[in-house]
Amino acid sequence: KAGVTQTPRYLIKTRGQQVTLSCSPISGHRSVSWYQQTPGQGLQFLFEYFSETQRNKGNFPGRFSGRQFSNSRSEMNVSTLELGDSALYLCASSLRGSGSSSETQYFGPGTRLLVL
Amino acid sequence: AQSVAQPEDQVNVAEGNPLTVKCTYSVSGNPYLFWYVQYPNRGLQFLLKYITGDNLVKGSYGFEAEFNKSQTSFHLKKPSALVSDSALYFCAVRDDPAGGGNKLTFGTGTQLKVEL
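If you read the sequences in order, they're chains A and B.
Residue numbering for the first sequence follows my numbering, beginning at 6 and increasing consecutively.
Residue numbering for the second sequence follows my numbering, beginning at 793 and increasing consecutively.
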């Protein structure tokens with residue numbers, strides 16, 4: 006079974022631009038979560054989607070948004086990019102998310118975003 | 793709020809020696825604890841989890857973890873370290889699924905260096 010895939014793997018943008026990152030979960034997984042990883046803040050939860058609905062949201066500004074499609078694929082968007090948005094963005098999928106206590110989240114390889 | 797602490801930024805161990813990577817947690821309900829490993833320029837790989845049951849959890853690549861409720865610890869162990877185990881290790885706690893959350897809160901990570 007293929008793992009979580011994320012595209013693109015690397016991205017360079019300039020301040021003020023916007024960016025869209027894509028995540029395809031493991032086949033059959035319906036919950037997709039996004040995390041931001043930076044050297045200073047570590048790994049931080051952005052949001053979780055299940056059945057095309059945002060179910061949980063972290064403490065990030067409204068410039069960070071996401072959506073999920075009917076095939077469970079998810080995208081996240083960052084508008085008006087700032088230098089501090091440079092990070093590794095990780096996507097994770099699980100079967101039902103909060104519907105099961107024993108589930109594991111499986112992570113993709115990440116998208117490395119550099120904002121200049 | 794749930795949290796985990798990894799008190800050591802780096803752990804050095806000689807190949808063939810046992811290794812321990814420490815993690816302590818703070819939760820308001822049942823603890824759902826995970827260990828992940830990250831190799832350079834890669835996403836997170838799942839190693840093992842504690843949901844309920846036996847305090848000694850066995851995982852991938854020969855790793856195991858010991859859950860200790862009285863000490864609120866979940867230390868990662870391996871009887872004999874390999875150079876290839878050198879990587880960044882993260883402990884994480886999951887929101888109580890009964891509360892509807894699937895968010896993972898991560899520790900700051902411990903860099904494991906295994907030397908010949």
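Note that beta-carbon positions come from the ideal geometry of N, C-alpha and C, so glycine has one too.
Subject >> Where the beta strand (DSSP E) through B/Lys-861 begins and ends >> reply: The residue you call residue 861 of chain B lines up with position 69 of the second sequence. Premise fails: B/Lys-861 is in no beta strand (DSSP E) and is neither H nor E.
Original post:
From A/Glu-5 to A/Phe-52, what does the alpha carbon distance come to, in whole angstroms?
Top reply: It is not possible to answer for residue 5 of chain A, since the shown part of chain A is limited to 6 through 121.
Original post:
Whole-angstrom Cβ separation of A/Phe-112 and B/Leu-836, contact assumed at under 8 Å?
Top reply: Residue mapping note: residue 112 of chain A aligns to position 107 of the first sequence, counting from 1. Residue mapping note: residue 836 of chain B aligns to position 44 of the second sequence, counting from 1. Between A/Phe-112 and B/Leu-836 a beta carbon distance of about 4 Å is seen, short of the 8 Å cut, so the two are scored as contacting.
Original post:
So, does the CB of A/Gly-113 fall closer than 8 Å to a CB anywhere in chain C?
Top reply: Going by chain labels, chain C is absent from the structure shown, which instead holds the protein chains A and B.
Original post:
Using DSSP with H/G/I as helix, E/B as strand and the rest coil, what is A/Tyr-94?
Top reply: As a first step, residue 94 of chain A is located in the first sequence; it is residue number 89 there, counting from the start. When secondary structure is reduced to three states using DSSP, A/Tyr-94 falls in the strand class.
**OP:** Return the first residue and the last residue of the beta strand (DSSP E) that B/Gln-802 is part of.
**Re:** Taking the second sequence and counting its residues from 1, one reaches residue 802 of chain B at position 10. Counting along the chain, the unbroken beta strand (DSSP E) around B/Gln-802 starts and ends at 802–806.
Original post:
Does any C-beta atom of chain B lie closer than 8 Å to the C-beta of A/Asn-61?
Top reply: Taking the first residue of the first sequence as position 1, residue 61 of chain A is located at position 56. Yes, A/Asn-61 lies at the interface with chain B (some Cβ there is under 8 Å from its Cβ).
Original post:
What in chain B is Cβ-close to A/Thr-109, meaning under 8 Å?
Top reply: To locate residue 109 of chain A, count along the first sequence from 1; it is residue 104. Chain B residues near A/Thr-109: Phe-826, Phe-838, Lys-841.
Original post:
For A/Leu-121, which of A/Gln-73, A/Gly-115, A/Ser-98, A/Gly-89 has the nearest alpha-carbon?
Top reply: On the first sequence, position 116 is the one that residue 121 of chain A refers to. The shortest C-alpha separation from A/Leu-121 is found at A/Gly-89.
Original post:
At least one CB of chain B closer than 8 Å to the CB of A/Phe-69: is that the case?
Top reply: Walking along the first sequence from the start, residue 69 of chain A turns up at place 64. Not an interface residue.
Original post:
At a CB-CB cut-off below 8 Å, which residues of chain B make contact with A/Gly-33?
Top reply: Counting from one through the first sequence, the residue named residue 33 of chain A turns up at place 28. Within chain B, no residue comes near A/Gly-33; the closest Cβ sits about 16 Å away, beyond 8 Å.
Subject >> CB contact check: A/Gly-45 to chain B, cutoff 8 Å >> reply: As a position in the first sequence, residue 45 of chain A is number 40, starting the count at 1. By this cut-off, A/Gly-45 is not an interface position.
Subject >> Candidates B/Gly-901, B/Val-803, B/Ala-873: closest to B/Tyr-853 by CA position >> reply: Against the second sequence, residue 853 of chain B aligns to sequence position 61. With distances taken between Cα atoms, B/Tyr-853 lies closest to B/Ala-873.
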